[in-house]
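Residue numbers (the numbering used here): 221 to 353.
Just so it is clear, CB atoms sit at the ideal spot from N, CA and C, and this is done for glycine as well.
These numbers were taken from a predicted model, which means no experiment stands behind them.
Everything on this sheet refers to the single structure shown next.
Encoded structure:
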């Protein structure tokens with residue numbers, strides 16, 4: 221079920237709800253504006269009772285580092301409500317941007333969305349599934 225479609229000239233994202241985990245799939249270039257929209261979507265999801273969110277960046281080419289700190293702040297809000305914001309599909313390039321922005325340690329990073337969802341369910345995820353940088 222698509223809850224909302226985010227779109228812009230640069231990047232797009234779609235939010236799907238599966239069980240009690242919301243998945244935000246993004247694609248293209250995510251500028252500061254697009255990342256702010258994702259932050260707003262995370263806020264809306266929290267208001268609907270979705271505190272477990274996976275941000276799927278597998279189809280993202282670039283993120284503006286200036287929009288990452290506000291996302292880290294949203295992750296802390298979700299954690300305070302008993303949830304979290306997990307990131308999947310992070311390329312080496314995007315990982316370098318996360319590190320440069322100083323937010324890499326703010327998120328649990330997974331290779332796939334399924335592995336991130338499994339972590340929410342308490343299903344042991346192979347050590348190799350957690351992205352170590």
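Proximity below 7 Å, CB of residue i to CB of residue j
i	j	result
residue 275	residue 244	yes
residue 291	residue 259	yes
residue 340	residue 268	no
residue 288	residue 295	no
residue 297	residue 246	no
residue 308	residue 338	no
residue 265	residue 242	yes
residue 285	residue 316	no
residue 261	residue 282	no
Secondary structure of residue i, DSSP reduced to three states
i	result
residue 284	coil
residue 319	helix
residue 310	coil
residue 341	coil
residue 231	Note on residue 231: pLDDT 47, under 50, position unreliable in the model; the coordinate value appears next. If DSSP states are grouped into helix, strand and coil, residue 231 belongs with the strands.
residue 292	helix
residue 336	helix
residue 331	coil
Residue burial classification, residue i (beta-carbon count within 10 angstroms, cutoff 16)
i	result
residue 318	buried
residue 303	buried
Boundaries (first-last residue) of the alpha helix (DSSP H) holding residue i
i	result
residue 256	252-267
Residue i - containing beta strand (DSSP E), residue span
i	result
residue 326	No beta strand (DSSP E) contains residue 326, which DSSP labels as neither H nor E.
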